[in-house]
C-alpha cells in the first residue's frame, strides 16, 4: 500500500508566523504518525512579492522547529511550462477565455451594477467578474491580444460545471461553519475565476492542483480560510482528469482581536519569537500542539 503524502506550501512573500508553524507542524506530525512522507513546496509565482531572503528564512524557521522534508523542494516558478500545458488543455475543451478589463474597470462595472441591487460576491467577499469578455468574438479577442492588451485568462464556470455535474468531497477536518463529512462543492459561487494572466501563466487555483497531482500528494491539510476554494480545485481536477486528494481543513491561529494571523497585518514572525528566546517546544504549546507528536492535541 503506498505511503500517504502530506505537504506544506508557503509563499516566500514574508516571514513565517505562528499560523504557518501550526500548519507545518500539524502536517509533519500527521505524516510521521501515518508513516508517510512530508514535502515542502515553495509557492513563488508572484515575482513582485516573493524574495530570496524570505525563502531562505522559511528553510531556517522550519529546521529550527524540528521539521525535515524531502529534497529537492518544488518551486512553482520552475514549472510554468506545466501550468501553460494545463491552460492549453482547458482551452482545448472550450473552458478558457481572456478578459481585458483592469482592476479599476472591474470595480467601476461592479459599482454600476450595484446601483440597483448588491452584486454577488465569492466566498472570500470579492465581487464576481461583471464583464462581458466571454461574449467577444474570436476575432475580437485575437485583435486585442495582438495589440498587446493585458489580459486575464478566466475559467468559463458555467461550461465547466455543466461538464462536471455534481462534485463533492469528504471533509476530514471542519469547515468555517462546522461543515464536515460529505460536503457538496459549490464552484459556481466563485464565478469565472482567473487561472492565469498574460504575464504569469498560472494562478493559485491552477498551480496548487497541478502541483499536488505531480507530487503525488494524498492528504491536503490546510486552514479553514481555504475551505471553499476546494470547490474550484475539485472542478479543475475533474476537468484535467487528475486525482482528488483527501482534504482536512484545520482551525486558524488568531490574534488577540480574533483575527487570523497574516503577513499583511504584520503578525509576529517566528524569527522574532526565536530572537526573544522562545523554544520550538514553546511554539508547539502556543499553537496547541503537545511536545509529543503522537499525543498531539491540535485538531484538524
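In UniProt numbering, the protein residues as written are 1 to 300.
Glycine is no exception: its CB is placed at the ideal position from the N, C-alpha and C atoms.
These numbers come from a predicted model, not from an experiment.
{"query": "Whole-angstrom distance between residue 222 and residue 23, CA atom to CA atom", "result": "6 angstroms"}
{"query": "Residue 97 beta carbon less than 8 angstroms from that of residue 57", "result": "no"}
{"query": "Residue 251 to residue 268 span [Cα, whole Å]", "result": "18 angstroms"}
{"query": "Simplified DSSP state of residue 153, which is helix, strand or coil", "result": "strand"}
{"query": "Coil, strand or helix - residue 6 by DSSP", "result": "strand"}
{"query": "Contact the stretch 139 to 147 vs the stretch 159 to 169: 3+ CB pairs below 8 angstroms", "result": "no"}
{"query": "Extent of the continuous alpha helix (DSSP H) to which residue 220 belongs", "result": "Premise fails: residue 220 lies in the beta strand (DSSP E), 219 to 223, not in any alpha helix (DSSP H)."}
{"query": "Straight-line gap, residue 93 to residue 127 (C-alpha atoms, nearest Å)", "result": "26 angstroms"}
{"query": "Reduced DSSP category for residue 18 - H, G, I as helix; E, B as strand; rest coil", "result": "helix"}
{"query": "Beta-carbon proximity check, residue 167 vs residue 193, cutoff 8 angstroms", "result": "no"}
{"query": "3-residue-minimum beta strand (DSSP E) runs that sit fully inside the stretch 25 to 56, ordered along the chain", "result": "37 to 42"}
{"query": "Counterpart residues of residue 99 in DSSP-defined beta bridges", "result": "152"}
{"query": "Distance between beta carbons of residue 151 and residue 80, contact taken as under 8 angstroms", "result": "About 17 angstroms; that fails the 8 angstroms criterion."}
{"query": "Three-state secondary structure (DSSP) of residue 119", "result": "coil"}
{"query": "Residues of its chain near residue 121, where Cβ-Cβ distance is below 7 angstroms and the 5 sequence neighbours each way are ignored", "result": "127, 128"}
{"query": "Member of 124, 76, 272, 278 whose CA lies at the smallest distance from the CA of residue 224", "result": "124"}
{"query": "8 angstroms Cβ cutoff met for residue 253 and residue 65", "result": "no"}
{"query": "Residue 217 versus residue 50 - alpha carbon distance", "result": "24 angstroms"}
{"query": "Residue 275, buried or exposed, once every other Cβ within 10 Å from all chains shown has been counted against 16", "result": "exposed"}
{"query": "Identity of the residue in 228, 201, 91 nearest residue 174 by Cα", "result": "228"}
{"query": "Three-pair Cβ contact test at 8 angstroms for the stretch 231 to 239 versus the stretch 195 to 213", "result": "yes"}
{"query": "Residue 46 to residue 211 span [Cα, whole Å]", "result": "16 angstroms"}
{"query": "Residue 247 - partner residues in DSSP beta bridges", "result": "171, 220"}
{"query": "Closer than 7 angstroms: residue 5 CB and nearest the ligand MN heavy atom", "result": "This structure does not include the ligand MN; it has no bound ligands of any sort."}
{"query": "Distance CB(residue 10)-CB(residue 20) smaller than 8 angstroms", "result": "yes"}
{"query": "Residue 40 vs residue 6 beta-carbon contact at 8 angstroms", "result": "no"}
{"query": "Residue 153 beta carbon less than 8 angstroms from that of residue 196", "result": "yes"}
{"query": "Cα-Cα separation, residue 29 to residue 187", "result": "31 angstroms"}
{"query": "Continuous beta strand (DSSP E) stretch holding residue 195: start and end", "result": "194 to 197"}
{"query": "Bounding residues of the beta strand (DSSP E) (the contiguous stretch that carries residue 146)", "result": "Here residue 146 belongs to no beta strand (DSSP E); instead the alpha helix (DSSP H) covers 138 to 146."}
{"query": "Cβ separation of residue 185 and residue 169, assumed to be a contact under 8 angstroms, to the nearest whole Å", "result": "7 angstroms"}
{"query": "Residue closest to residue 138, alpha-carbon to alpha-carbon, out of 91, 249, 236, 273", "result": "91"}
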